[in-house]
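With the numbering used here, letter number 65 in the sequence shown gets 61, and the count goes up by one each step, no holes. Read the structure below first, then the notes.
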Amino acid sequence: MLNRDVPSAIFNIINPARTKEAILFIEKTMKGYNPDPDRPFRYEILEERIDKFYASDKKVVAILAVFTVIALFTAYLGLLGLTILSIEQSLLQSLM
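Okay, structure coming up:
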């Protein structure tokens, strides 16, 4: 019999192709051991939990990539402007 004061957890490795079948089997088996309606069967897939955990990091990476492109484009425009200015000054000096 399970101690009702302590939450219980089971970790299983299952075939991804048969996830639904495995969850239904585990739920049925667990209800056979603990038919208490106050403690419903809950499950969580680790990959989904990890994806949720890193979702905000993925958004930050995307935002940083956009600002990196903007910064590189701005630097390119600055170098282009300096090059044009240098060419213009050297042409003015050669004409004088």
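For each residue, glycine too, the CB sits at the ideal point set by N, CA and C.
Within this structure, are the beta carbons of residue i and residue j separated by less than 9 Å?
i	j	result
residue 22	residue 8	yes
residue 46	residue 15	no
Let me know if residue i comes out buried or exposed under the rule of 16 or more other beta-carbons within 10 Å of its beta-carbon.
i	result
residue -3	The predicted model places residue -3 with a pLDDT of 48, which falls under 50 and marks its position as unreliable; any figure quoted below should be read in that light. With fewer than 16 other Cβ atoms within 10 Å, it is exposed.
residue 6	exposed
Less than 8 Å between the CB atoms is what I'm expecting for residue i and residue j, so what's the real figure, rounded?
i	j	result
residue 19	residue 39	6 Å
residue 37	residue 48	About 20 Å separates the two Cβ atoms, so there is no contact after all.
Any chance you could list the beta strand (DSSP E) runs of at least 3 consecutive residues sitting entirely within the region 37 to 78, in chain order? none
Please give me, in chain order, every unbroken run of the alpha helix (DSSP H) with length at least 4 that falls completely inside the region 8 to 38. 15 to 29
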